[in-house]
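Residue numbers (my numbering), protein chains in the order written: chain A, 678 to 875; chain B, 678 to 875. First the structure, in the form of structure tokens, and then the observations on it.
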């Protein structure tokens with residue numbers, strides 16, 4: 678990796694962390710410069726505008742998500758092991774890639790749902806891609822004969838997403854120590870429902 | 678109802694609508710005064726501080742939620758009809774009590790999860806009360822012999838909450854026209870799982 682790319686990744690990793698704490702709207706080139714002890718003008722060379730900073734921060738978070746959640750899960754055998762790996766890695770994601778204020782995508786979703794613009798568009802595309810990834814994992818389990826043939830992959834994706842959201846809210850807002858345990862129980866019901874009927 | 682109470686309710690209903698659009702943090706006494714065409718000083722008589730305005734807005738939203746979601750659902754027969762009424766009315770809540778930016782509680786949850794203070798405390802209490810209401814409805818269905826005896830009411834509440842969250846996000850952020858339909862399918866799986874095993 679060239680030095681320029683390394684610097685860029687370092688800047689964006691800090692930006693992901695800040696976006697988790699302050700929200701994408703709270704993120705600014707000035708604040709990022711303070712955090713990195715770099716000059717604002719230096720950062721302006723990387724990001725032309727706040728929109729650009731927001732979009733690139735989301736992109737970087739998605740790259741990291743692919744790296745720590747999606748790719749390792751796809752290495753597991755098709756069917757339940759792959760779906761479970763995806764789910765477990767997803768739960769760990771705000772710790773594996775440090776996000777002290779919780780998942781940047783969840784935080785950004787609430788912020789941007791009514792704010793048209795490039796950041797919202799990018800977020801929507803990334804969230805749809807995540808749902809499509811879950812659906813594809815279900816599809817591959819069906820193709821391998823490990824999930825029942827009439828299982829609806831998009832429905833599984835929708836429900837898994839719901840478990841992720843309530844787990845995030847229970848853990849962060851309600852400080853419920855049983856959030857992850859409850860999320861796992863919910864996932865097991867989805868997995869049981871996906872199995873071939875004997 | 679006395680005139681003072683009526684005025685107060687009118688002010689707070691406007692505040693709930695604004696909080697849905699701008700978030701609780703975007704809400705201010707000045708902005709509320711503009712919206713209502715009242716003087717700022719008049720409003721300061723009702724709300725001593727921004728914290729107070731946020732807390733009272735949450736309280737008012739909770740009153741309206743009890744009125745349009747919880748109380749009518751509790752009038753239904755124990756078991757599946759009552760749980761389903763609770764679920765269906767919950768899905769309609771951001772339209773029944775006008776919240777153009779979506780459910781104020783969902784918006785506030787993302788905003789306040791890292792901000793200690795009276796508004797966060799109130800929100801947490803209200804969200805826990807909502808989970809406890811769902812759990813009680815499950816409990817009453819068990820007591821009436823309509824749900825299986827080993828059903829975990831808190832787990833049902835957790836999972837129903839997840840469906841509500843993903844439905845909200847799919848409808849608002851992703852503009853998925855099938856969000857409500859998918860939420861209903863997910864609910865039917867919960868209801869089926871709750872039934873007595875024959």
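Here a beta-carbon is modelled for each residue, glycine too, at the ideal position from N, C-alpha and C.
Asked, Found
"Extent of the continuous alpha helix (DSSP H) to which residue 690(B) belongs", "680-699"
"Cβ-based contacts, 7 Å cut-off: residues of the region 810-840 of chain A near chain B", "832, 835, 836, 838, 839 and 840"
"Chain B contact residues for residue 804(A), given Cβ-Cβ distances below 7 Å", "850 and 851"
"Contacts around residue 853(A), its chain only, beta-carbon distance under 7 Å, and the 5 residues preceding and following it disregarded", "847"
"Residue 807(A) versus residue 800(A) - alpha carbon distance", "11 Å"
"8 Å Cβ cutoff met for residue 725(B) and residue 784(B)", "no"
"Near-chain A residues of the region 855-872 of chain B (beta-carbon distance less than 9 Å), N- to C-terminal order", "855, 856, 859, 860, 862, 863, 866, 867 and 870"
"contact_flag[the region 735-747 of chain A, the region 767-775 of chain A] where n(CB pairs < 8 Å) is 3 or more", "yes"
"Members of the region 759-791 of chain B near chain A, C-beta cut-off 8 Å", "778, 779, 783, 784, 786, 787, 788, 789, 790 and 791"
"Reduced DSSP category for residue 864(A) - H, G, I as helix; E, B as strand; rest coil", "helix"
"Counterpart residues of residue 824(A) in DSSP-defined beta bridges", "872(A)"
"Host alpha helix (DSSP H) of residue 830(B) (start-end)", "830-849"
"Where residue 795(B) falls: helix, strand or coil (DSSP)", "helix"
"Identity of the residue in 740(A), 803(A), 716(A) and 819(A) nearest residue 755(A) by Cα", "819(A)"
"The alpha helix (DSSP H) enclosing residue 743(A), as first and last residue numbers", "Per DSSP, residue 743(A) belongs to no alpha helix (DSSP H) and is neither H nor E."
"Beta-carbon neighbours of residue 801(B), restricted to chain A and to distances below 7 Å", "850 and 851"
"Among 816(B), 835(B) and 865(B), nearest to residue 826(B) - alpha-carbon criterion", "816(B)"
"Closer than 8 Å to chain A by CB, residue 705(B)", "no"
"Interface residues of chain B facing residue 842(A) [CB-CB closer than 8 Å]", "839, 842, 843 and 846"
"Range covered by the alpha helix (DSSP H) that runs through residue 723(A)", "717-723"
"Inter-residue Cα distance where the pair is residue 863(B) and residue 730(B)", "36 Å"
"Test item: CB-CB of residue 833(B) and residue 867(B) under 8 Å", "yes"
"Proximity test, Cβ basis, 8 Å: residue 698(B) and chain A", "yes"
"N-terminal and C-terminal residue of the alpha helix (DSSP H) that residue 784(B) is part of", "781-789"
"Assigned exposure category for residue 790(B) - 16 Cβ within 10 Å defines buried", "buried"
"Exposure of residue 830(A), with buried meaning 16 or more beta-carbon neighbours within 10 Å", "buried"
"Three-way DSSP call (helix, strand, coil) for residue 755(A) in this model", "coil"
"Coil, strand or helix - residue 748(B) by DSSP", "helix"
"Residue burial classification, residue 721(B) (beta-carbon count within 10 angstroms, cutoff 16)", "exposed"
"Candidates 691(B), 692(B), 766(B) and 723(B), of which the one nearest residue 841(B) by Cα", "766(B)"
"Min CB distance residue 734(A) to chain D below 8 Å", "The structure shown contains no chain D; its protein chains are A and B."
"Whole-angstrom C-beta distance between residue 713(A) and residue 688(A), which should lie under 8 Å", "6 Å"
"Integer-rounded CB distance, given that residue 788(B) should sit under 8 Å from residue 702(B)", "5 Å"
"For residue 860(B), the nearest candidate out of 686(A), 838(A) and 845(A) (CA to CA)", "838(A)"
"Own chain partners of residue 781(A) with C-beta closer than 7 Å, once the 5 adjacent residues on each side are dropped", "693, 696, 697 and 738"
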